[in-house]
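Novice: Residue numbers (our numbering), protein chains in the order written: chain A, -19 to 331; chain B, 2 to 232; chain C, -2 to 106; chain D, 50 to 403.
Got a structure for you, questions after.
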Amino acid sequence: MKNNVLIIGGGPAGIEASAQLQRLGYNVILIEKGSSLGGHLSKWDRLFPDGVHADGVLSSMLKNMSGVKSFTDTQVKSINRLDKSYNVILSNGISVLADAVLLASGFTLFRAEKKEEYGYGIYDHVITNADLEAYFSIGSDSRIDKPKKIGFVHCVGSRDEKAGCRACSKVCCATAVKQACEMKEEFPDAEVYCFYMDLRMFGRHYEDLYLKAQKEYGVRFIRGRVAEVSENADGSLQVKAEDTFSSKPLKVTLDLLVLMAGMRPSDAGRRVGDLLGMSVEEDGFFAVRDSVTSNQRSPLPGVFLAGTATGPKTLPETIADARGASMEIDRYLTDVFPQASDYKKLIREKW
Amino acid sequence: MGKYYDLLMKDYRLKEGLNACINCGTCTAVCPAAEFYRYDPRRIVDIVQSKDDAEIEKLLRSDTIWYCGECMSCVTRCPRKNAPGLIVMALRSLSIDLGFFIDSEKGRQQYLLSKDLCSNILDYGYCVYPRRFDYAGHPESGRIWEWEEKHLDDVFDRLGGNLDGDGPGVMRKIPQEDLDELKRIFDETGATERMENVRKAGERKAEEMGLSIEEFSSKVYNETNPKHLNQ
Amino acid sequence: MVDFGYGISPSSRLDLDKFDRKTFDLLVAEEPDVKKCIACGSCTAVCAAGKFVPTSLRSAILAIQNGLPDKALELLKPCQLCGKCTLVCPREINTRHLILSIIKIYSAK
Amino acid sequence: MIYEGKQKVWSDYQKDIPDDHYFYVRSCIRQSFFPASEVTFLDITRNRLGKDIFETEHHTTCGGIAYHSDTIPQETVMTIIARQFALMAKNGYENYVCSCITSFGLYCETMETWREFPEEEARIKDILWKTCKLDFAKPKYLIHASDLVYKYRNLIAAQAKHKLINVKTGKPLKVVEHIGCHYSKMFPSKGVGGAEYPYVLVGMIEAWGGEIVDYPERRHCCGFGFRQYFIKGNRGYSLSNTYKKFESMEPFHPDLIITNCPGCPYFMDRWQYVIAESTGRTYGEEGHGIPVLTYEEVAGLVMGYDPWDLGLQTHQIDSEPLLDKMGIEYDPAQKYAGKNGKDIGSPICPTCLK
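Structure (structure tokens):
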């Protein structure tokens, strides 16, 4: 008998896990609250560090999961634990008896307007990283009007206790440097500034991207967090930071400011988590069984986690995490789940 | 190591105002003092959190801690919920308590501030009292104040004030029994002691500099070394 | 005129709007590697002159980028061109050569 | 600028302001330099709006200016504050209204310290009993007097004799608002509209017909800086910060600046004079300065009070251009007259400013 696996969330983690679990022979049901699969990836134009097109990545990932039963515009209505399985009623009226549940609920972008001093949604030429990706895809945005001076603000809604998020969102530094280069390609005469606290270019080729941004594109990196933004009479922006290397306050006039909104836990994921009684850590992301060896197991037997549901991750990390989760699910469904008489004991010992 | 830090940590303002600083510089970016003085509040917080006694002592004896205007604009900005402005206040208090304030030109100004503001409170019950606010010492108060100063009773009368009058109202005379209570509060909470210490330290410094108290006061009030400015 | 006894203080705020792109491009034409500096401070840490007088290549590059070339020249004055900084630069900038170019280009201005 | 974005922020920072029965506490600086403002505020609240607002002659300074000049310890001001609270309770009030922004910030800070360290509140309670034989109760509501005027802005508008509108052109006056730093920078939730886009004065300007001017250095401190003003040698700091603000707002050509802190209108008025005198630079039209008014003065003008009853003659910057724009009649001959027309001379008119 094929086991049923319910995957909640149709972003990269959910898609990748669907493909893997289907290949392992499970009956996968994927649900996505939005109207199409792909999550944030479907809204991104190109990916760091090499500038690969996001739509190509997404379509090849989707191809790998063809045949998986997936429901868009669908959410979990209720979820109850039976003896070993979960009885899940979906918002489209279907109910699923899931032997394992994978929560791949992803993240929500930090609402940049919460950093009131940056004036997102108030000043005409302040946008977010996501807005800029949309601009790259669509090719127009009324806020981007032949800018001659462009700034990128790292850590918007990350490393910020006042904004309720102490953690680093991991991907923003690389995204900012990527987008800074892209803007130089689009507007070669523009001055481009990145305001950072630490440049966390940790991944393979990331440092190369940084070097390229400096050497080829002449992007200026300023070590200081942007403190406040205001609007001049002509609609340009006055941006204040400290150049901490000079120990002096600094100001610059910009035509466009891009806020690198960080990763926050997904609201929808949180809702499902509440239905299950899943615990979250102080950062708001789901707690895992063990942060070193069991990153894809939740504290609840049979419930697994993948991707940014457990904190900020890059795309390759998310995909690797989803594969890891698939292996964990397979192990659970082959080693533990079938042994009805010993199930509770095995869960106690092995979960 | 940490002697001064421990002393500072007794201050509620430091308990509330210091979490681990990440040196992001948002405080300095908006600081009104950082633009005009050799001043970087970020570095002050960093030095305090280093617990380095030698560095903190240097700070306590320096002009640096006296540049802040206590506007608290930094407090809104800090992503780690630090309050550099409160940390500076704690440093200043400690500098005064240890007598270090007298070593720096800006710190020495406490002599006059303490004398003027505290006596306004104890004598009248106000921090600022118009009869003690003179045009000669405050030329920026303008021709208008030059005139008001001469006709203070008439001006207050015209504007519905109650200058030095009985009962409630603007700039009324605060009853003696209330001033007595303020004095007892000063005595009990260390304000009187601080005033005395600051006064004595000022007088000693004047003597050391070979100046009469009037000369010392005038120097402290009027003079400023251009080195404070940062260009 | 009234003598108030004080005046408007000069601003020391860095104003990036004053950055001179044209002159910087002259420097870049001769020293493309100047753009590679990551402000790590290795050059300043090993500087022989820096032990005795305030001098710092890191700060000088920064000063140019902040629109203060005169400050950069001032900071490089004590340099003895010993070249220790070239040995330690993690971005392999020919710092010695860079210093000479900075002095040449910005002194001429 | 996207207005709706600001509206969203404003809706996040609404503050509970009680409707009646206030205990009023005065401000040292406002009383010294803007005595008519407090008189007008009480007259509007009591006589025009019919509210109960009580003042006792026994209250004193909160000590805030001395505290922020680092001349007295924190426990001293906390005890003085506790004493003020005790007077409030003794007189049967629980809605504490203060005229001063430094005080307001200090009350907020003190309440926060007591919340975080209850043992400190208990200690202050003992000190107050020991020194004054008084027992205090914390206010149910802590409000700044500008919060009250904000609350009643529409009632005031309903009684308006004049609007913040240029009667000749029919266009709204361009108004800059300046919020005292200690109003909400330390505790954004305590101020109407928060710290970044405070609404307390904007709400008044809107209700009374004016147009808001938001300029880059709006949030910047006026530069008072306590010790940075009281010591003459430090005043360059204070002056320079006001200068920075005026340079930043100049391109927007404001007709009026409205403030809620007692110190700021004094500084922003007088530093314009110093800038004009020492550099020749002026910021208003045709060599005039920009009038800097307290919110009480603006409310008074809107409600038809005589400008000289409001004390506009005690500003160094002339308010006549503003009065003309608003279509307010005034008697130039009475400008500097004392009570009942008494002749008390007049100030020398500076040549640097019209």
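Ideal Cβ placement from N, Cα and C applies to all residues, glycine included.
Decide if V50 (chain C) is buried, meaning its Cβ has at least 16 other Cβ atoms within 10 Å, or exposed.
Specialist: As a first step, residue 50 (chain C) must be located in the third sequence, where it is residue number 53. Answer is exposed; the Cβ neighbour count stays below 16.
Novice: Tell me which residues share the same chain as G282 (chain A) and place their Cβ nearer than 6 Å to its Cβ, disregarding the 5 neighbours each side in the sequence.
Specialist: For the purposes of this step, residue 282 (chain A) is identified with residue 302 of the first sequence, where counting begins at 1. Contacts found: A80.
Novice: Do E208 (chain A) and R268 (chain D) have their beta-carbon atoms positioned less than 8 Å apart in this structure?
Specialist: The residue given as residue 268 (chain D) occupies position 219 in the fourth sequence. The residue given as residue 208 (chain A) occupies position 228 in the first sequence. Cβ distance < 8 Å, so R268 (chain D) and E208 (chain A) count as in contact.
Novice: Residue ranges of each alpha helix (DSSP H) run of no fewer than 4 residues wholly in the region 158 to 211 of chain A, ordered along the chain?
Specialist: Listed in chain order, the complete alpha helix (DSSP H) runs (minimum 4 residues) inside the region 158 to 211 of chain A are 186 to 195.
Novice: Closer than 7 Å, Cβ to any Cβ of chain A: which residues of the region 23 to 39 of chain B, in chain order?
Specialist: I23, N24, C25, G26, T27, T29, A30, V31, C32, A35, E36
Novice: Using a beta-carbon distance cut-off of less than 8 Å, what residues from the region 263 to 277 of chain D approach chain B?
Specialist: R268, H269, C270, G272, F273, G274, F275, R276, Q277
Novice: Under the three-state reduction of DSSP, which class applies to W238 (chain D): helix, strand or coil?
Specialist: Translated into positions along the fourth sequence, residue 238 (chain D) becomes position 189. The sequence shown places Ser at residue 238 (chain D), not Trp. Reduced to three states, the DSSP call for S238 (chain D) is helix.
Novice: Which residues in the same chain have their Cβ closer than 8 Å to the Cβ of F14 (chain D), if we skip the five residues on either side of it in sequence?
Specialist: Nothing about residue 14 (chain D) can be reported from this structure: the residues present for chain D run from 50 to 403 only.
Novice: I need the DSSP call for Y3 (chain C), collapsed to helix, strand or coil.
Specialist: As a first step, residue 3 (chain C) is located in the third sequence; it is residue number 6 there, counting from the start. Three-state result, Y3 (chain C): coil.
Novice: Could you please tell me which residues of the region 324 to 355 of chain D, in chain order, have their CB closer than 8 Å to any CB of chain C?
Specialist: I324, E326, S327, T328
Novice: For F103 (chain D), list the residues DSSP reports as bridge partners.
Specialist: As a first step, residue 103 (chain D) is located in the fourth sequence; it is residue number 54 there, counting from the start. According to DSSP, F103 (chain D) bridges with D:F72.
Novice: Looking at the unbroken beta strand (DSSP E) that takes in P245 (chain A), where does it start and where does it end?
Specialist: Residue numbering aside, residue 245 (chain A) sits at position 265 when the first sequence is read from its first letter. From DSSP, the beta strand (DSSP E) with P245 (chain A) extends over 243 to 245.
Novice: Which full runs of the beta strand (DSSP E) of 3+ residues lie inside the region 116 to 154 of chain A, going along the chain?
Specialist: Taken in chain order, the whole beta strand (DSSP E) runs of length 3 or more contained in the region 116 to 154 of chain A are 129 to 136.
Novice: Between which two residues does the beta strand (DSSP E) harbouring I107 (chain A) extend?
Specialist: Residue mapping note: residue 107 (chain A) aligns to position 127 of the first sequence, counting from 1. 106 to 108 is the span of the beta strand (DSSP E), which, as asked, contains I107 (chain A).
Novice: Quick check on this structure: which residue in D:M298, D:V323, D:I339, D:D392 has the alpha carbon closest to the alpha carbon of H139 (chain B)?
Specialist: For the purposes of this step, residue 139 (chain B) is taken as the residue at position 138 of the second sequence. Minimum Cα distance to H139 (chain B) is reached at D:V323.
Novice: Output the distance between the C-alpha atoms of P245 (chain A) and G264 (chain A), rounded to the nearest integer angstrom.
Specialist: On the first sequence, position 265 is the one that residue 245 (chain A) refers to. On the first sequence, position 284 is the one that residue 264 (chain A) refers to. Straight-line spacing of the CA atoms in P245 (chain A) and G264 (chain A) works out to 6 Å.
Novice: So the candidates are D:D68, D:R284, D:M50, D:N283; which of them puts its Cα closest to the Cα of V106 (chain A)?
Specialist: The residue labelled residue 106 (chain A) in the question sits at position 126 within the first sequence. Comparing Cα positions, the closest option is D:M50.
Novice: On a Cα-Cα basis, can you pick out the residue from A:C161, A:A156, A:I59 that is closest to D178 (chain A)?
Specialist: Taking the first sequence and counting its residues from 1, one reaches residue 178 (chain A) at position 198. Checking every option, the nearest Cα to that of D178 (chain A) belongs to A:A156.
Novice: Give me, in chain order, the residues of the same chain whose beta-carbon lies closer than 7 Å to that of T159 (chain D); leave out the 5 immediate sequence neighbours on both sides.
Specialist: Residue mapping note: residue 159 (chain D) aligns to position 110 of the fourth sequence, counting from 1. Contacts found: M127, I130.
Novice: With a cut-off of 8 Å, do at least 3 Cβ pairs link the region 329 to 339 of chain D to the region 169 to 176 of chain D?
Specialist: Here the region 329 to 339 of chain D does not lie against the region 169 to 176 of chain D, with fewer than 3 beta-carbon pairs under 8 Å apart.
Novice: On the three-state DSSP scale, how would you describe H211 (chain D)?
Specialist: Locating residue 211 (chain D) in the fourth sequence gives position 162, where the first residue counts as 1. Coil at H211 (chain D), not helix or strand.
Novice: Checking 8 Å against the spacing of the C-beta atoms, do C152 (chain A) and G19 (chain A) come in under that value?
Specialist: Indexing the first sequence from 1 puts residue 152 (chain A) at position 172. Indexing the first sequence from 1 puts residue 19 (chain A) at position 39. Cβ atoms of C152 (chain A) and G19 (chain A): not closer than 8 Å.
Novice: Please confirm if the region 203 to 212 of chain D is in contact with the region 294 to 302 of chain D, defined as three or more CB-CB distances below 8 Å between the two stretches.
Specialist: no
Novice: Cβ closer than 7 Å: which chain B residues qualify as neighbours of D140 (chain A)?
Specialist: On the first sequence, residue 140 (chain A) is found 160 positions in, with the first residue counted as 1. Those within 7 Å of D140 (chain A) in chain B are P80.
Novice: Between which two residues does the alpha helix (DSSP H) carrying S94 (chain B) extend?
Specialist: For the purposes of this step, residue 94 (chain B) is identified with residue 93 of the second sequence, where counting begins at 1. 85 to 98 is the span of the alpha helix (DSSP H), which, as asked, contains S94 (chain B).
Novice: Considering only residues of the same chain and omitting the five flanking positions on each side of L189 (chain A), which have a CB-CB separation below 6 Å?
Specialist: The count along the first sequence starts at 1 and reaches residue 189 (chain A) at position 209. Correct list, in chain order: P29, V157.
Novice: Between which two residues does the alpha helix (DSSP H) harbouring I214 (chain B) extend?
Specialist: Here residue 214 (chain B) refers to the residue found at position 213 of the second sequence. I214 (chain B) -> alpha helix (DSSP H) spans 214 to 223.
Novice: Listed in chain order, which residues of the region 225 to 250 of chain A have Cβ atoms closer than 7 Å to some Cβ of chain C?
Specialist: F225, S226, K228, P229, L230, K231, V232, T233
Novice: Where do the N-terminal and C-terminal ends of the alpha helix (DSSP H) with R43 (chain B) fall, by residue?
Specialist: In the second sequence, residue 43 (chain B) corresponds to position 42, counting from 1. 42 to 51 is the extent of the alpha helix (DSSP H) around R43 (chain B).
Novice: Relative to the C-alpha of L113 (chain B), which residue among B:V221, B:P227, B:H229 is closest?
Specialist: Within the second sequence, residue 113 (chain B) is the residue found at index 112, counting from 1. Of the candidates B:V221, B:P227, B:H229, the one whose C-alpha sits nearest the C-alpha of L113 (chain B) is B:V221.
Novice: Below 8 Å between beta carbons: does that hold for L90 (chain C) and D30 (chain C)?
Specialist: Here residue 90 (chain C) refers to the residue found at position 93 of the third sequence. Here residue 30 (chain C) refers to the residue found at position 33 of the third sequence. Strictly speaking, residue 90 (chain C) in this sequence is Ile, with Leu absent from that position. Going by C-beta atoms, I90 (chain C) is nearer than 8 Å to D30 (chain C).
Novice: With a cut-off of 8 Å, do at least 3 Cβ pairs link the region -17 to -5 of chain A to the region 6 to 18 of chain A?
Specialist: In short, these stretches touch, since the Cβ pair count reaches three.
Novice: Measure from the alpha carbon of L239 (chain A) to the alpha carbon of each residue in A:T52, A:D254, A:G137, then state which is nearest.
Specialist: The residue you call residue 239 (chain A) lines up with position 259 of the first sequence. Considering only alpha carbons, the answer is A:G137.
Novice: Please classify R277 (chain A): does DSSP put it in a helix, a strand, or coil?
Specialist: For this step, residue 277 (chain A) is matched to residue 297 along the first sequence. Note: R277 (chain A) maps to strand in three-state DSSP.
Novice: So that I know if they touch, is there some Cβ in chain C lying closer than 8 Å to that of R205 (chain A)?
Specialist: As a position in the first sequence, residue 205 (chain A) is number 225, starting the count at 1. Output row for R205 (chain A): interface = no.
Novice: Is it the case that the region 5 to 16 of chain B contacts the region 24 to 31 of chain B, given that we only count it when at least three CB pairs across the two stretches are under 8 Å?
Specialist: no
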